[in-house]
Amino acid sequence: MPTQRRRGRLDGEKRDQTTAPINWSPSELAVIAAAASARQQSNTTFIATAALDVATGRFGPVNANGEARGFTADEVTTIRLIMDELMALRRLLANAAGSLNQLAAASNSGNPPTGPAIESALAYLRQRLIQHDELSAQLLDLIEPE
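Set out below in structure tokens:
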């Protein structure tokens, strides 16, 4: 069966706009070629269709009925912001773990930390964990709304 090269367009649209070529690594191109071949499309058609589906919100999570629901541009922006916050929070959690490790090391070396130092480190860790739970819940609400 020949490879399908055309994709749907709006009535009266002409193909007169082009973009610059994209340089792919061999492994990236192999993934694209396999996916395009499975859909009986050329690589170019597959890439264009996938890009347009994502840009127009036709690609996204599947609801309980098995129907795809695309993300709006605002939802994509919000998801990216939440992911940025989660990555920053991950660094803060690593800092909190480092502080607790220093307190444990001091305790094991015969120089036990004070009660307020331990409480302060634990309070900081609890605050970051609560913040992580809130951000995760926001992300889940966007991806899988009830």
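Its first residue numbered 241, the sequence shown is counted upward by one per residue in my numbering. Don't be surprised by glycine CBs; every beta carbon is placed ideally from N, CA and C.
Within the model, the alpha-carbon separation for residue 367 versus residue 329 is close to 11 Å. In this structure residue 346 is exposed. Its beta-carbon is surrounded by fewer than 16 other beta-carbon atoms within 10 angstroms. In the structure shown, the three-state DSSP call for residue 281 is strand.
DSSP, reduced to helix, strand and coil, places residue 261 outside both helices and strands of the structure shown, so it counts as coil. Taking a contact as a CB-CB distance under 8 Å, the pair residue 357 and residue 340 does not count as one, their CB atoms being some 10 Å apart. For residue 376, the closest of 326, 321 and 268 by C-alpha to C-alpha distance is 326. Taking 9 Å as the cut-off, the Cβ atoms of residue 378 and residue 322 count as close.
Comparing alpha-carbon positions, the option among 263, 266 and 290 lying closest to residue 276 turns out to be 290.
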